[in-house]
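This report refers to the structure that appears directly beneath it.
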Amino acid sequence: MAGVAQKTTIHTVTCTMQEVVMATWKNDPDHSHLGFVVRHLMITDINGRFADVDIDLEVANDDLSDAVFSMTAKAASIDTHVHARDEHLRSADFFDVTQHQDLTFQSSAVHLGAERAGTITGILEMRGVSREVTFAITASDRITNPFNNKETQSFSITGEVNRSDFGIGPNIPAAIVSDRVRVAANFEVSPA
Numbered sequence: 007m008a009g010v011a012q013k014t015t016i017h018t019v020t021c022t023m024q025e026v027v028m029a030t031w032k033n034d035p036d037h038s039h040l041g042f043v044v045r046h047l048m049i050t051d052i053n054g055r056f057a058d059v060d061i062d063l064e065v066a067n068d069d070l071s072d073a074v075f076s077m078t079a080k081a082a083s084i085d086t087h088v089h090a091r092d093e094h095l096r097s098a099d100f101f102d103v104t105q106h107q108d109l110t111f112q113s114s115a116v117h118l119g120a121e122r123a124g125t126i127t128g129i130l131e132m133r134g135v136s137r138e139v140t141f142a143i144t145a146s147d148r149i150t151n152p153f154n155n156k157e158t159q160s161f162s163i164t165g166e167v168n169r170s171d172f173g174i175g176p177n178i179p180a181a182i183v184s185d186r187v188r189v190a191a192n193f194e195v196s197p198a
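Numbering (our numbering), first residue to last: 7 to 198.
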């Protein structure tokens, strides 16, 4: 536009970048449990666990807002305290452990509120099928473990999944083994 003065203002913004250092924490296998419960014949709870579980936690913030949990459980380590049942669960009827050795979970979001309780969302993969799931999570305060002088924190994660969503036991009716599986994980982690 002719005759109109144009004014240009330049603002200088100085940003201070802080390097965020993510720390890796690992679970203590002796103080970790990945368990599950199913209903048998719609009347009896059957408890089981995966005995071989590795959990990594990558985190920088004490409030866990940037936390990333990674879990790998060996499917063949399934244990319901009945050898014949465990062998059946390892077969192609259920987990098919020769083809699918690992169960994995990778978190995408952790939200903690009051009492350090909240939700954890991520991708759970079982038997080659991946699904987004959300579980409840509770975090303890961090303490110094008196036995090894390491900073230690524990987590409790609970929720439910449908085995049919992952192709587990597709020919087993829910009246025999419930489709809904309750999941409970409790574990301690310390810096790697």
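All residues carry an ideal CB built from backbone N, CA and C; glycine is no exception.
All of these numbers come straight from a predicted model, not from anything done at the bench.
Exercise for the section: Give a yes or no on contact between the stretch 157-169 and the stretch 177-195, applying the rule of three or more CB pairs nearer than 8 angstroms. Expected result: At 8 angstroms Cβ cutoff, the stretches touch.
Practice task
Specify the secondary structure class of ASP108 as computed by DSSP and reduced to three states.
Solution key: Correct three-state label for ASP108: strand.
Exercise for the section: With HIS94 as the anchor, note down where its alpha helix (DSSP H) starts and where it stops. Expected result: Under the DSSP assignment, HIS94 falls in the alpha helix (DSSP H) whose first and last residues are 89-96.
Exercise for the section: Give the secondary structure of ALA191 by DSSP, where H, G and I count as helix, E and B as strand, and everything else as coil. Expected result: Strand.
Exercise for the section: Work out the CA separation of ARG122 and SER196 for me, nearest whole Å. Expected result: The straight-line gap from Cα to Cα measures roughly 18 angstroms.
Exercise for the section: Kindly list the residues whose CB is nearer than 7 angstroms to the CB of LYS13, restricted to its own chain and excluding five residues on each side of it in sequence; keep chain order. Expected result: Interpretation of LYS13 is limited by its pLDDT of 47, a score under 50 that renders its predicted location unreliable; the figure taken from the coordinates is listed afterwards. If you ignore the 5 residues before and after LYS13, its C-beta comes within less than 7 angstroms of no other C-beta in its own chain.
Handout entry: N-terminal and C-terminal residue of the beta strand (DSSP E) that ALA145 is part of
Key = Per DSSP, ALA145 is one residue of the beta strand (DSSP E) stretching across 135-145.
Problem - N-terminal and C-terminal residue of the beta strand (DSSP E) that ALA123 is part of - result: Note, ALA123: beta strand (DSSP E), 123-132.
Problem - Whole-angstrom C-beta distance between ILE126 and PHE75, which should lie under 8 angstroms - result: Going by Cβ atoms, the distance from PHE75 to ILE126 rounds to 7 angstroms, so yes, they are a contact pair.
Exercise for the section: Starting from the Cα of MET77, find the closest Cα among ASP171, LEU95, GLU64 and give me that residue. Expected result: Looking at ASP171, LEU95, GLU64, the one whose alpha-carbon comes closest to that of MET77 is GLU64.
Exercise for the section: Can you have a look at SER114 and say buried or exposed, based on whether 16 or more other CB atoms are within 10 angstroms of its CB? Expected result: It counts as exposed.
Problem - Residues bridged to HIS37 [DSSP beta-bridge criterion] - result: Within the DSSP secondary-structure output, HIS37 pairs in no beta bridge.
Problem - Pairwise C-alpha distance: ASP185 and PRO202 - result: With the chain running from 7 to 198 in the structure shown, residue 202 is simply not present.
Practice task
Could you work out which residue in ILE182, PRO179, PHE161 is closest to VAL32 when comparing CA atoms only?
Solution key: Reading off the sequence, residue 32 comes out as Lys, not Val. Looking at the Cα atoms, PHE161 is the closest of the given residues.
Handout entry: First and last residue of the uninterrupted beta strand (DSSP E) at LEU63
Key = Unbroken beta strand (DSSP E) run through LEU63: 59-65.
Exercise for the section: Apply the 10 Å Cβ neighbour rule to ALA181 and answer buried if 16 or more other Cβ atoms are within range, or exposed otherwise. Expected result: By the neighbour-count rule (16 or more Cβ atoms within 10 Å), ALA181 is not buried but exposed.
Problem - Pairwise C-alpha distance: GLN159 and THR150 - result: Approximately 9 angstroms between the Cα atoms of the pair.
Practice task
State the CB to CB distance for the pair ILE52 and THR104, rounded to an integer number of angstroms; the pair is presumed to be in contact (CB under 8 angstroms).
Solution key: Taking 8 angstroms as the upper bound for CB-CB distance, ILE52 and THR104 are not in contact here, some 23 angstroms apart.
Handout entry: C-alpha distance - PHE101 paired with MET132, whole-angstrom precision
Key = If I take the Cα positions, the gap works out to 8 angstroms.
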